[in-house]
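Here the protein sequences come in this chain order: A and B. If you count the first sequence from 1, position 88 lands on 307 in this note's numbering, and the numbers rise without skipping. If you count the second sequence from 1, position 192 lands on 411 in this note's numbering, and the numbers rise without skipping. Yeah, the Cβ is synthetic: ideal placement off N, Cα and C, and Gly gets one too. The structure presented is a predicted model; accordingly, all values stated were derived computationally and were not measured.
Number of protein chains: 2
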Amino acid sequence: MVEKSQKTKRPDARIKLLDSALRVIRMKGYSATTVDDLCREAGVTKGAFFHHFRSKDDLAVAAADYWSETTGALFAQAAYHDPEDPLDRVIGYLDFRKALVQGDVPEFTCLVGTMVQEVYDTNPAIRDACNRSITGHAATLVSDIAEAAEARGIEVPGGAESLALHTQAVIQGAFVLAKAGNAPSIATESIEHLKRYVELLFGRS
Amino acid sequence: MVEKSQKTKRPDARIKLLDSALRVIRMKGYSATTVDDLCREAGVTKGAFFHHFRSKDDLAVAAADYWSETTGALFAQAAYHDPEDPLDRVIGYLDFRKALVQGDVPEFTCLVGTMVQEVYDTNPAIRDACNRSITGHAATLVSDIAEAAEARGIEVPGGAESLALHTQAVIQGAFVLAKAGNAPSIATESIEHLKRYVELLFGRS
DNA sequence: GACAACATACCAACCGGTTGGTATGTGTTG
DNA sequence: CAACACATACCAACCGGTTGGTATGTTGTC
Chain A
220 MVEKSQKTKR PDARIKLLDS ALRVIRMKGY SATTVDDLCR EAGVTKGAFF HHFRSKDDLA
280 VAAADYWSET TGALFAQAAY HDPEDPLDRV IGYLDFRKAL VQGDVPEFTC LVGTMVQEVY
340 DTNPAIRDAC NRSITGHAAT LVSDIAEAAE ARGIEVPGGA ESLALHTQAV IQGAFVLAKA
400 GNAPSIATES IEHLKRYVEL LFGRS
Chain B
220 MVEKSQKTKR PDARIKLLDS ALRVIRMKGY SATTVDDLCR EAGVTKGAFF HHFRSKDDLA
280 VAAADYWSET TGALFAQAAY HDPEDPLDRV IGYLDFRKAL VQGDVPEFTC LVGTMVQEVY
340 DTNPAIRDAC NRSITGHAAT LVSDIAEAAE ARGIEVPGGA ESLALHTQAV IQGAFVLAKA
400 GNAPSIATES IEHLKRYVEL LFGRS
């Protein structure tokens, strides 16, 4: 039985709109991004937009979920999972994030971090979608952190979850400063500090 | 000759608009905030708005500078400057920031951090104003950090400036996660991690 | 021909900004 | 001090373009 649930149809416009959303919203922010912007960028018409999404806010939720999927796949197949020492995997993750911070600012910054700043108080559905994306990604680090702590017989202050969330906070904050200074280097330096914190916590010079 | 020429002057619409901007923009974001929103909140008319500001973007720049002034005064008069040991002053600063993270999210989050995420790529003037605010605040920490390092005969990895900027990155990122999770506690935990990093760096258990 | 996947045409509300005008203060001159 | 010129602070009504959203086709596939 071949998995042919998507028929021979071309759900072309939907994916093109979501891809456009990732690009445009990261550049202009969510509120400043218009439906026409997205349609133009995707090369489709407004009819197509409202065929696939009930509203602009509905697209934002879908875009956050889409972001979780695409970035999730990127991190899942990355090489930092390979080392046997769980601490090496945690450090490897941070090195991977550092390597991703390259090129122009809009290309490496985070969609959901950008969106949630704008809508956390006005649109709970989008906020929750952004939160799922961030906490879901942080959750992929918890087991490595916990294993690293156990292997070394130490206890992570605040718990493994707290440290995992902290890594995301540092990365999100690094993006904010990189945007303000219009320079990726500020972001890399902060991730470097974070790496040092983890190494100091786990007693590795 | 007192420079008090504001004797019989009316209550200034300009200040009321700026105060409103701090509140409304932190809640709704910059792009979603309309000029009418600000006028309504400040209790003035549109005519008054465009008498004091050439455009909405012009107000944003003024609001960022106003933010620098008001928060600058708040930190300048805080008690964390008192200790003789410079490291105590640095840790005191972080404790102070932790104490500020209370109440509802819109009340303790950062105006310029919110704005710069939206406009960094579309409005250089606002971006630069936000950057001045962040780097200017970070600069107030540099001397304490440098003195603390010298007093202990250690070298701050990346330099004192880099660590000062890192504290701001952590705080900005903590705000993002607090907004996403709709909970201030996430922010406090991240600042706690940051405090621990500084203590580990400077060899204090 | 039924139904999904689009396109075209259009709308009412909204938004940033402008206009013409008023009330009040201030500096200058006789 | 009075009279005038001018500047500042503010208001209410309005304008043209934009925005999210809708109503109604049209096309291609099962």
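Between the alpha carbons of Asp314 (chain A) and Leu330 (chain B) lies a gap of roughly 31 angstroms. Judged by DSSP in its simplified three-state form, Thr290 (chain B) adopts helix.
Contact between Ala399 (chain B) and Ile353 (chain A) holds: CB atoms are separated by about 5 angstroms, below the 8 angstroms threshold. Note that the C-beta distance between Val335 (chain B) and Arg346 (chain B) is below 7 angstroms.
Judged by their CB atoms, Leu413 (chain B) and Val375 (chain B) are not nearer to each other than the 7 angstroms cut-off. One alpha carbon belongs to Ser274 (chain A), the other to Ala397 (chain B), and they sit about 26 angstroms apart.
Three or more Cβ pairs closer than 8 angstroms define a contact, and the region 405-419 of chain A falls short of that threshold against the region 282-298 of chain B. Per DSSP, the continuous alpha helix (DSSP H) segment holding Asp256 (chain B) begins and ends at 254-261. Around Val280 (chain B), the same chain offers Ala344, Ile345, Ala348 as residues with beta carbons nearer than 7 angstroms, after the five sequence neighbours per side are excluded. Interface annotation, Asp363 (chain A): not in contact with chain B, CB-CB separation never under 7 angstroms. The beta carbon of Ala283 (chain B) is closer than 8 angstroms to those of Leu330, Val331, Met334, Ile345, Ala348, Cys349, Arg351, Ser352 in its chain, skipping five residues each way along the sequence. Counting along the chain, Cys349 (chain A) sits inside the alpha helix (DSSP H) bounded by residues 343-371. For Cys258 (chain B), none of the residues of chain A pass the 8 angstroms Cβ criterion, the least Cβ distance being about 19 angstroms.
Any Cβ of chain B closer than 7 angstroms to the Cβ of Ile410 (chain A) would place that residue at the interface, and such an atom is absent. Spanning the alpha carbons of Ile405 (chain A) and Ala393 (chain A) requires a straight line of approximately 7 angstroms. Between Ser409 (chain A) and His271 (chain B), the CB-CB gap reaches or exceeds 7 angstroms.
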